[in-house]
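Visitor: In our numbering, the protein residues as written are 4 to 482. This is the structure I want to talk about, given as structure tokens.
Here it is, written out as structure tokens:
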């Protein structure tokens with residue numbers, strides 16, 4: 004009977020597992036909380052201070068500050084954190100071995116009683132035995148799957164940084180481009196007015212006026228496009244950070260040295276290739292999946308031996324007390340372990356091929372993005388030099404007109420050329436910075452600008468947002 008008492012005690016303890024309290028989700032309250040987010044949030048300020056940043060919402064928001072704001076607010080990171088926690092829990096679950104089973108078999112004799120008691124009561128504990136190497140393989144599977152989940156969360160944090168910096172860069176560049184396009188539109192309008200006056204005076208033909216009108220209309224259309232791009236960039240920045248667009252209206256955005264990207268020669272190709280081919284976060288996740296697949300193969304290999312369980316027990320047989328011992332052995336009559344082993348081996352080979360394919364893709368991406376950055380940088384330098392020359396020409400034309408050595412139309416022509424060249428140089432800079440961002444993303448580590456922050460904080464460095472939409476805080480002690 005002691006065995007029965009132990010079994011009942013085990014059942015009682017199993018029922019004592021803690022169940023989390025219900026967490027009802029209120030979409031309406033969630034939406035209100037998200038709409039109320041601001042960059043002067045006290046929690047965000049405290050997190051910034053712990054990271055050595057300003058923490059003052061009135062101070063210009065630099066790249067580092069915007070990245071921390073994205074880490075703090077972005078709901079995609081909350082989702083990534085929850086997914087990593089679920090994957091880690093699933094890994095622990097898969098590492099668990101089967102529990103023993105308690106068997107209770109009472110019998111009562113109704114007729115032909117031969118003994119002193121009509122009862123026969125049997126109690127047995129069915130204990131499944133592990134296959135060879137099963138315990139170690141299960142632990143390896145759990146460890147690899149947990150590591151893969153952490154790598155996926157770290158990759159989400161990296162993507163948040165990339166998206167935030169790209170959106171901030173686009174906002175600042177779009178604002179500058181709009182300002183330059185405004186100058187071009189004004190200069191083209193002034194030039195059109197001057198040409199119209201000359202046509203009215205008979206000094207120019209109607210063809211010159213038509214050409215000037217087309218240029219002015221083209222400049223006005225380009226200005227409208229630049230405004231739309233600026234608005235879209237500001238909304239994209241708000242989405243990347245995880246705040247409403249109105250939260251950006253009251254802050255000053257800044258990027259020191261935005262017009263000074265590094266020269267391509269300052270980026271050593273061999274070191275970049277090694278970093279990318281060995282240390283990228285998505286590659287680390289694939290390697291963890293390969294280790295999990297290899298452990299699954301070892302687990303399948305142990306199934307070559309029949310599944311066996313032992314069942315020690317106690318039997319009360321009409322007044323007689325007996326000790327029993329049973330053995331359950333799986334009979335491989337319909338199939339053996341060969342199919343399971345072949346499937347596990349195929350999964351391992353697929354995981355290995357995925358790693359090799361990703362490394363090849365990384366190296367190709369690195370070569371392509373490095374070459375593209377070098378070309379864009381050279382084109383920007385050339386256009387910047389042309390814009391500087393055009394500006395000098397415009398200054399010289401203004402001085403000559405003031406001295407009576409050039410006409411007003413010649414001065415306006417030089418101004419239009421200078422403004423157009425400045426806008427083209429700005430576009431070339433934008434293309435250069437975008438190419439550098441693609442190179443940085445191919446490496447998955449920061450290249451530029453310099454940062455006080457880690458490229459990817461630890462997996463538990465960012466606590467998830469609550470269901471009410473209020474953001475979580477950054478645990479900077481984990482960096």
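Beta carbons: idealized from backbone N, C-alpha and C, even for Gly.
(1) Considering Cα atoms alone, identify which of 131, 176, 44 and 369 is closest to residue 260.
(2) For residue 205, count neighbouring C-beta atoms within 10 Å of its own C-beta (all shown protein chains included) and say buried if the count is 16 or more, exposed if not.
(3) Name the DSSP beta bridge partners of residue 113, please?
(4) Identify which residue in 330, 60 and 365 has its Cα closest to the Cα of residue 281.
(5) Does residue 268 pass the burial test, meaning 16 or more other C-beta atoms within 10 Å, or should it be called exposed?
(6) Let me confirm a value: residue 84 is counted as buried when at least 16 other C-beta atoms fall within 10 Å, else exposed. Which label applies?
(7) Buried or exposed: which applies to residue 108, given that a residue is buried once 16 or more other Cβ atoms fall within 10 Å of its Cβ?
(8) Hey, residue 212 and residue 198: beta-carbon distance below 8 angstroms or not?
(9) Counting only the same chain and skipping the five closest in sequence on each side, list residues whose C-beta sits under 8 angstroms from that of residue 429.
(10) Considering only residues of the stretch 236-303, which uninterrupted beta strand (DSSP E) runs meet the minimum length of 3 residues and lie entirely inside it, listed in chain order?
(11) Let's test the definition: count the other Cβ atoms within 10 Å of the Cβ of residue 272 and tell me whether it reaches 16, buried, or not, exposed.
(12) Tell me whether residue 323 sits in a helix, a strand or coil according to DSSP, three-state version.
(13) Whose CA, out of 221, 144 and 166, lies closest to the CA of residue 351?
(14) For residue 20, which residues in the same chain have their Cβ closer than 8 angstroms to its Cβ, ignoring the five residues on either side in sequence?
(15) Considering only the alpha carbon of each residue, which of 335, 73 and 193 lies closest to residue 412?
(16) How is residue 55 classed by DSSP in three states: helix, strand or coil?
(17) For residue 300 and residue 343, I'd like the C-alpha separation in whole angstroms.
(18) Residues in the same chain with beta-carbon distance under 6 angstroms from residue 23, minus the five sequence neighbours each way, listed in chain order, please.
(19) Given a cut-off of 8 angstroms on the beta-carbon distance, is the pair residue 389 and residue 400 in contact?
(20) What's the gap between the Cα of residue 505 and the Cα of residue 136?
Guide: From the atom records:
(1) Checked all of 131, 176, 44 and 369; the closest Cα to residue 260 is 176.
(2) Its Cβ having fewer than 16 others within 10 Å, residue 205 is exposed.
(3) DSSP lists no partner for residue 113.
(4) Per the Cα distances, 365.
(5) So residue 268 ends up on the exposed side.
(6) That one is buried.
(7) Residue 108 is exposed by the Cβ-count criterion.
(8) Yes, the Cβ-Cβ distance between residue 212 and residue 198 is below 8 angstroms.
(9) Contacts found: 176, 179, 180 and 183.
(10) As far as the stretch 236-303 is concerned, it has no whole beta strand (DSSP E) run of at least 3 residues.
(11) So residue 272 ends up on the exposed side.
(12) Of the three classes helix, strand and coil, the one that applies to residue 323 here is strand, per DSSP.
(13) Closest by alpha carbon: 144.
(14) Apart from the 5 residues on each side of it in sequence, residue 20 has no Cβ closer than 8 angstroms to any other Cβ in its chain.
(15) Here the closest residue by C-alpha is 193.
(16) Note: residue 55 maps to coil in three-state DSSP.
(17) Each residue's alpha carbon lies about 9 angstroms from the other.
(18) Once the five neighbours on either side are set aside, residue 23 has no close Cβ partner at all.
(19) For residue 389 and residue 400, no; Cβs fall outside 8 angstroms.
(20) Outside the displayed span of the chain (4 to 482) sits residue 505, for which this structure offers no information.
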